[in-house]
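Visitor: Chains as they are written, first to last, in our numbering: chain A, 536 to 877; chain B, 536 to 877. Dropping the structure in here first, questions after.
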DNA sequence: ATCTATTTTGAATACGTATTCAAAATAGAT
DNA sequence: ATCTATTTTGAATACGTATTCAAAATAGAT
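Put into structure tokens, the structure is as follows:
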């Protein structure tokens, strides 16, 4: 049992009832002024607004949501907030949702697949939707959300038959275009230092990349899965390059991985791009930094967030809308880590 | 007016009333089971839990908070989420607050001083507390929060007479120790590339740093304020070093600034640490990366968050507790960007 | 001034829970 | 078996709002 604390006689916040009394109207009319929409005579409206200002009245969001069945809250579950790509994602989501009156409940998870227990609290708080970045929802979690009438959207992932909307960058197409570019620049011996092996992200990119190599009859592709971190990229590249000096070019699963790869390569003695080409993915802001002029694939971050929010709102409005999976294009950003081989 | 959407007959979530009916008890008893604390006979408790499981019942947080006057929500306002130091801060706050049942409402702000309008929504949502990182609250905002019974705590800032608790790293002490170390390493000509000029962070550090220089009768200190970004550090250093080749050592307001400084210095032709020493502040994870073996001041991040949360809980429990300002020590982390001058 | 159509208003109610208070049930002692 | 002390229970209520429904007020036409 919790102590109630030594708080004051608890001066409570003003309620619509208090405002009504001071303004000499009914609570219903006060509510009409603040809920908007309904007609209130100018005279009373002014009285009410004055009274509200004097009492510093603000509507109580919990009481309101009990009636309207709209909590105006959205949960966001992030797995990789330390990656600057995802810091940016969070910031943009806030920028988009805040003007719409939605509050963003932040959640962290270490898990590749979000299970039911991780969303239990969000369910109790009746968020209207959940955005999951860089992770999947378990089948159980998806079902539970569906039954509870809570919209869920995967950001930067997608999953077959999960009955859940998703917005992601078309990794298959991106990898194809990257591979084509690299082959045209004369490279023949590749490595793909990727994120976790079985995620859609990795699978799609590998598929696109391999397809191009196959068409051109290029056999040399070493695949090294890992995590989306500098350290993982560093370690993978270090091992790879001390073992196999013949690699022409490394395609990285993310920019952060690529930074680790570049540092490891230089340490082992490779010059970039003279001895080794490196390509990243995401186009994080750090690529403007001197040591890392990385050629990369830009994800259309702003547009991806915009689409996600649109989808979210639409499904909140119509819970029976069929899930949609939106693949967005990106573009190759050429900097200075891919050389042209003669 | 919003369309209600084409939603289903809206299958509503189960309520305690539904559970009570199925279990053959009163709503009050169901509530007792889920609110905890009160006595309920084992027989009924089991019946209720079974019924709840069958109906997938979960308490409604909004309805609950209306009664208990506890929303179990905390707002966090961040100004610099792109800085990896603050990404880490956010992650740790979530890690600490989540097990306590608190939800974290994320807010972004560009502003150095948070005004009333920026916290208005958090007030409507009746968060129990607000954590402000890397920014201040305006006097108006502070007063308003106080009157509304909402706890506020500054993280990594403090302000005289703002009547608001704060947890920060003792920047004065840190700067003194850094300065002492640098002087002992033989440096005599300094620059301080800082964050915004009038923040407590900058003021305290400058004071500590200058004090040591004065004691040793060292006059050369160029002060260049800016923002806590790579770009700001880069630009400041570039201008400084092309103009003034005699600088021995640059003390930076944050690691991110230091990274920009190092890259700019190298571009201008300085070797680090042979020609120029650089010291950072924060000890972000990136300093493990090859190009940036930065000597820096480590902020006791985990402990700072822990203290902030403790303070938060205590003040939530006792709204009349006097604000406390907690300064925490850190430690010098010596890597490889400060040379010993003969 | 009178009548009708329209707008504005307030009383009553519901949202889903926790808690109070008194009654009922149970446990424990003899 | 009876009586008392303790535990368990349910009915009633309150939290603060939005909305419904019917009544009151107003606007507009003649």
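Quick reminder that beta carbons are idealized off the backbone N, C-alpha and C, glycines included.
#1: Straight-line CA distance for residue 782 of chain B to residue 755 of chain B?
#2: Measure the C-alpha to C-alpha separation of residue 572 of chain B and residue 854 of chain A and round it to an integer number of angstroms.
#3: Residues in the region 581–603 of chain A with C-beta within 8 Å of chain B's C-beta atoms, listed in sequence order?
#4: Return the chain-ordered list of same chain residues with a C-beta closer than 6 Å to the C-beta of residue 678 of chain A, the five sequence neighbours on each side being excluded.
#5: Residues of chain B with a CB under 8 Å from the CB of residue 645 of chain A: which are they?
#6: Do we get a CB-CB distance below 9 Å when we pair residue 619 of chain B with the residues of chain A?
#7: Would you report the Cα separation of residue 830 of chain B and residue 819 of chain B, rounded to the nearest angstrom?
#8: How long is the line joining the alpha carbons of residue 564 of chain A and residue 576 of chain A, rounded to whole angstroms?
#9: Less than 8 Å between the CB atoms is what I'm expecting for residue 744 of chain A and residue 710 of chain A, so what's the real figure, rounded?
#10: With a CB to CB cut of under 6 Å and the five nearest residues on each side skipped, what residues in its chain are close to residue 871 of chain A?
#11: Cβ closer than 7 Å: which chain A residues qualify as neighbours of residue 872 of chain B?
#12: According to the neighbour-count rule (16 or more other Cβ atoms, all chains shown, within 10 Å of its Cβ), is residue 850 of chain A buried or exposed?
#13: Kindly indicate if chain A contains any beta-carbon less than 9 Å away from that of residue 793 of chain B.
#14: Check residue 867 of chain A in the structure and name its three-state DSSP category.
#15: Distance cutoff 9 Å, beta carbons only. Does residue 693 of chain B sit that close to anything in chain A?
#16: Taking Cβ positions only, does residue 660 of chain B come closer than 9 Å to chain A?
#17: Let's test the definition: count the other Cβ atoms within 10 Å of the Cβ of residue 652 of chain A and tell me whether it reaches 16, buried, or not, exposed.
#18: Taking Cβ positions, are residue 740 of chain B and residue 690 of chain B nearer each other than 9 Å?
#19: Spell out whether any CB of chain A is found under 9 Å from the CB atom of residue 657 of chain B.
#20: Please state the DSSP three-state secondary structure of residue 816 of chain A.
#21: Residues in its own chain within less than 8 Å of residue 609 of chain B by CB, not counting five upstream and five downstream?
#22: Please confirm whether residue 608 of chain B has its beta-carbon closer than 9 Å to some beta-carbon of chain A.
#23: Within 10 Å of its beta-carbon, does residue 779 of chain A have 16 or more other beta-carbons around it, so buried, or fewer, so exposed?
#24: Using a 10 Å radius around the Cβ and a threshold of 16 neighbouring Cβ atoms, would you call residue 883 of chain A buried or exposed?
#25: What span of residues does the beta strand (DSSP E) with residue 756 of chain A cover, start to end?
#26: Could you pull out every unbroken beta strand (DSSP E) segment of at least 3 residues lying fully inside the region 666–723 of chain B, listed in chain order?
#27: What are the residues of the region 741–769 of chain A that lie near chain B, defined by any Cβ-Cβ distance shorter than 7 Å?
#28: By DSSP, does residue 745 of chain B sit in helix, in strand, or in coil?
#29: Which residues, in order along the region 821–845 of chain A, keep a beta-carbon less than 7 Å from a beta-carbon of chain B?
#30: Does any residue of chain A bring its CB to less than 9 Å from the CB of residue 774 of chain B?
#31: Which ranges does the beta strand (DSSP E) cover as unbroken runs of at least 3 residues, wholly within the region 760–839 of chain A, from first to last along the chain?
#32: Consult DSSP for residue 616 of chain A and reduce its assignment to one of helix, strand or coil.
#33: What are the boundary residues of the alpha helix (DSSP H) that includes residue 569 of chain B?
#34: Taking C-alpha atoms, which residue in A/798, A/590 and A/621 lies nearest to residue 548 of chain A?
#35: So the alpha helix (DSSP H) residue 655 of chain B belongs to, where does it begin and stop?
#36: Which residue's Cα is closest to the Cα of residue 705 of chain A: A/833, A/660 and A/581?
Guide: Reading from the atomic positions:
#1: Taking the straight line joining both Cα atoms gives about 9 Å.
#2: Rounded to the nearest angstrom, the gap between the Cα atoms of residue 572 of chain B and residue 854 of chain A is 37 Å.
#3: Closer than 8 Å at the C-beta level to chain B, one finds these residues of the region 581–603 of chain A: 591, 593, 594, 595, 596, 597, 598, 600 and 601.
#4: Answer for residue 678 of chain A: no residue qualifies.
#5: Near residue 645 of chain A there are no residues of chain B at all, since even the closest Cβ is about 10 Å away, more than 8 Å.
#6: Chain A places a beta carbon closer than 9 Å to that of residue 619 of chain B, counting this residue as a contact.
#7: Cα-Cα distance, rounded: 11 Å.
#8: Rounded to the nearest angstrom, the two C-alpha atoms are 10 Å apart.
#9: Between residue 744 of chain A and residue 710 of chain A the beta-carbon gap is near 4 Å, inside 8 Å, which marks them as a contact.
#10: Apart from the 5 residues on each side of it in sequence, residue 871 of chain A sits with its Cβ closer than 6 Å to the Cβ of 828 in its chain, given in chain order.
#11: Those within 7 Å of residue 872 of chain B in chain A number zero; the least Cβ separation is about 14 Å.
#12: By the neighbour-count definition (other C-beta atoms within 10 Å, threshold 16), residue 850 of chain A is a buried residue.
#13: No - not a single Cβ of chain A is within 9 Å of the one on residue 793 of chain B.
#14: It is a strand residue.
#15: So no, residue 693 of chain B is outside the interface.
#16: It does: the Cβ of residue 660 of chain B has a partner Cβ on chain A nearer than 9 Å.
#17: Looking at its Cβ environment, which holds fewer than 16 other Cβ atoms inside 10 Å, residue 652 of chain A is exposed.
#18: Against a cut-off of 9 Å, the Cβ pair of residue 690 of chain B and residue 740 of chain B comes out as no contact.
#19: True, the Cβ-Cβ gap to chain A drops below 9 Å.
#20: Correct three-state label for residue 816 of chain A: coil.
#21: Within the same chain, 632, 637, 638, 639, 640, 662, 663, 664, 665, 666 and 847 come within 8 Å of residue 609 of chain B by CB-CB distance, once the 5 residues on both sides are set aside.
#22: Interface criterion met: the Cβ of residue 608 of chain B is under 9 Å from a Cβ in chain A.
#23: By the neighbour-count definition (other C-beta atoms within 10 Å, threshold 16), residue 779 of chain A is an exposed residue.
#24: Only positions 536 to 877 of chain A appear in this structure, which leaves residue 883 of chain A out of reach.
#25: Run containing residue 756 of chain A: 756–759, per the beta strand (DSSP E) assignment.
#26: If you keep only unbroken beta strand (DSSP E) runs of at least 3 residues inside the region 666–723 of chain B, you get 686–690 and 700–704.
#27: Within the region 741–769 of chain A, the residues whose Cβ lies closer than 7 Å to some Cβ of chain B are 765, listed in chain order.
#28: DSSP places residue 745 of chain B within a helical segment (H, G or I) once states are collapsed to three.
#29: Close to chain B, meaning a Cβ-Cβ distance shorter than 7 Å, are the following residues of the region 821–845 of chain A: 824, 825 and 826.
#30: It does not; no Cβ of chain A falls within 9 Å.
#31: If you keep only unbroken beta strand (DSSP E) runs of at least 3 residues inside the region 760–839 of chain A, you get 784–787, 812–814 and 831–833.
#32: The three-state reading of DSSP puts residue 616 of chain A in coil, since its state is none of H, G, I, E or B.
#33: Start and end: 562–570.
#34: Residue A/590 holds the alpha-carbon nearest to the alpha-carbon of residue 548 of chain A among A/798, A/590 and A/621.
#35: Taken as a continuous stretch (DSSP letters only), the alpha helix (DSSP H) holding residue 655 of chain B covers 651–659.
#36: Of the candidates A/833, A/660 and A/581, the one whose C-alpha sits nearest the C-alpha of residue 705 of chain A is A/833.
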